[in-house]
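Report on the following structure.
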Amino acid sequence: MSITLVRPDGLHLTTKATLAQLAQDQNLQVFADGLIPRILAHFDLSSEASLTLAEALHRSGSPAIDALLTGLLVLDAEVNAVIDDETRVFPLPGFLTYRARLPLDQFPLNLMRLPPLNEGGHYRFTAAEPYGCTVRLDLHPELMITGHVRLAAAGPNLPAQRLSLIEARLDRKLLTPELIDAALALGRGTEQPLHPFEAQALRNILSSL
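FYI, in the working numbering the residues of the sequence shown are 196 to 404.
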């Protein structure tokens, strides 16, 4: 039985799928240049391979799971949770914010949806444990104008999260070294600079596009 289903509104995943199944799924091998399987392949999953996606969404502190969450965040994942016998759709950032109030045994998760992608998008991941960074953006091949910019990072005591200030600075702009440096300087917000590894990793990814 397949753990994914391709539909006009995107790629649907069952949250009962294990990390091992996600790493091998044929649809995920193609979607976003195989970003999710590539992230999982970076880590030794021997102790976590049997975890389900639903269980992973409720965990933090594991480099592999935190990295997986950065990938799902840049892909604009949405998750369906059953609350009071009704299915509600949560964008992943919102779900991660409130997950402590939504224990899995009381609020089951059914499906995750990854919305359709634009052609020619770029999808990159890099890690040096315990830090991991993921980038997704569209880039005009000639004008070098960005679109749909998504960046996410995770590290020690820093749960996986979107870097929204940096995204906004980079979106719909001419991608230059000066712009990249100015955007990365924004970090996670006031008095929350990026860790030097994160800043350099993101700079390397963005400069290579």
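Even for Gly, the Cβ is constructed at its ideal location relative to N, Cα and C.
request  = Report the partner residues of Leu346 according to the DSSP bridge assignment.
outcome  = Here residue 346 corresponds to residue number 151 of the sequence shown, with the count starting at 1. Val330.
query = Quick one, are the C-beta atoms of Asn275 and Val284 less than 7 Å apart?
reply = Here residue 275 refers to the residue found at position 80 of the sequence shown. Here residue 284 refers to the residue found at position 89 of the sequence shown. Contact flag set, yes.
inquiry  = On the DSSP letters alone, give me the boundaries of the alpha helix (DSSP H) that Asn275 sits inside.
reply    = Start at 1 with the first residue of the sequence shown, and residue 275 comes out as number 80. Taken as a continuous stretch (DSSP letters only), Asn275 belongs to no alpha helix (DSSP H), being part of the beta strand (DSSP E) at 273-278.
task = Pull up the DSSP beta-bridge partners for Gly316, would you.
result = Position 121 of the sequence shown, counting from 1, holds the residue named residue 316. Its beta-bridge partners are Asp333.
task = Provide the residue span of the beta strand (DSSP E) that contains Arg367, from first to last.
result = Here residue 367 refers to the residue found at position 172 when the sequence shown is read from its first residue. Here Arg367 belongs to no beta strand (DSSP E), and DSSP marks it neither H nor E.
inquiry  = Only counting the same chain, and skipping five residues up and downstream in sequence, which positions put a Cβ closer than 6 Å to that of Gly382?
reply    = Reading the sequence shown from its first residue, position 187 is the one you call residue 382. Taken in chain order, the residues that qualify are Pro388, Leu389.
request  = Report, in whole angstroms, the separation of the C-beta atoms of Glu273 and Pro288, which I expect to be a contact under 8 Å.
outcome  = Taking the sequence shown and counting its residues from 1, the one referred to as residue 273 is at position 78. Taking the sequence shown and counting its residues from 1, the one referred to as residue 288 is at position 93. Wrong, their Cβ atoms sit about 10 Å apart, outside the cutoff.
inquiry  = Tell me which residues share the same chain as Arg294 and place their Cβ nearer than 8 Å to its Cβ, disregarding the 5 neighbours each side in the sequence.
reply    = The residue given as residue 294 occupies position 99 in the sequence shown. Cβ-Cβ distances below 8 Å link Arg294 to Leu252, His253 in the same chain, with the five nearest sequence neighbours on each side left out; the list follows chain order.
key: Beta-carbon proximity check, Pro325 vs Pro351, cutoff 7 Å   = Within the sequence shown, residue 325 is the residue found at index 130, counting from 1. Within the sequence shown, residue 351 is the residue found at index 156, counting from 1. Yes, the Cβ-Cβ distance between Pro325 and Pro351 is below 7 Å.
request  = Check whether the stretch 390-400 touches the stretch 315-324, taking contact to mean three or more Cβ pairs, one atom from each stretch, closer than 8 Å.
outcome  = Enough Cβ pairs lie closer than 8 Å, so yes.
message = At the 7 Å Cβ level, is Ala212 part of the contact set with chain C, yes or no?
response = Looking for chain C here will not work: only one protein chain is present.
query = Would you report the Cα separation of Ser197 and Leu379, rounded to the nearest angstrom?
reply = Working through the sequence shown from its first residue, we reach residue 197 at position 2. Working through the sequence shown from its first residue, we reach residue 379 at position 184. Rounded to whole angstroms, Ser197 to Leu379 spans 40 Å at the Cα level.
message = Using only the alpha-carbon positions, how far apart do Leu346 and Leu312 sit?
response = As a working note, residue 346 is residue 151 in the sequence shown. As a working note, residue 312 is residue 117 in the sequence shown. Near 15 Å, if we compare the C-alpha coordinates of Leu312 and Leu346.
task = Look up Asn222 in the DSSP assignment and say whether it is helix, strand or coil.
result = Indexing the sequence shown from 1 puts residue 222 at position 27. Three-state result, Asn222: helix.
task = Check Gly205 in the structure and name its three-state DSSP category.
result = Along the sequence shown, one-based indexing puts residue 205 at 10. Gly205: strand per DSSP, three-state reduction.
message = I'd like to know whether the C-beta atoms of Thr265 and Thr210 end up nearer to each other than 7 Å.
response = Position 70 of the sequence shown, counted from the first residue, corresponds to residue 265. Position 15 of the sequence shown, counted from the first residue, corresponds to residue 210. No, they are not a contact pair.
ask   = The beta strand (DSSP E) spanning Pro286 covers which residue range?
value = Here residue 286 refers to the residue found at position 91 of the sequence shown. Note, Pro286: beta strand (DSSP E), 281-286.
Span separating the alpha-carbon of Leu370 from that of Asp239 = As a working note, residue 370 is residue 175 in the sequence shown. As a working note, residue 239 is residue 44 in the sequence shown. Cα atoms of Leu370 and Asp239: separation of roughly 35 Å, rounded to the nearest angstrom.
message = Buried or exposed, going by whether 16 or more other CB atoms sit within 10 Å of the CB of Pro232?
response = Position 37 of the sequence shown, counting from 1, holds the residue named residue 232. Buried, by the Cβ-count rule.
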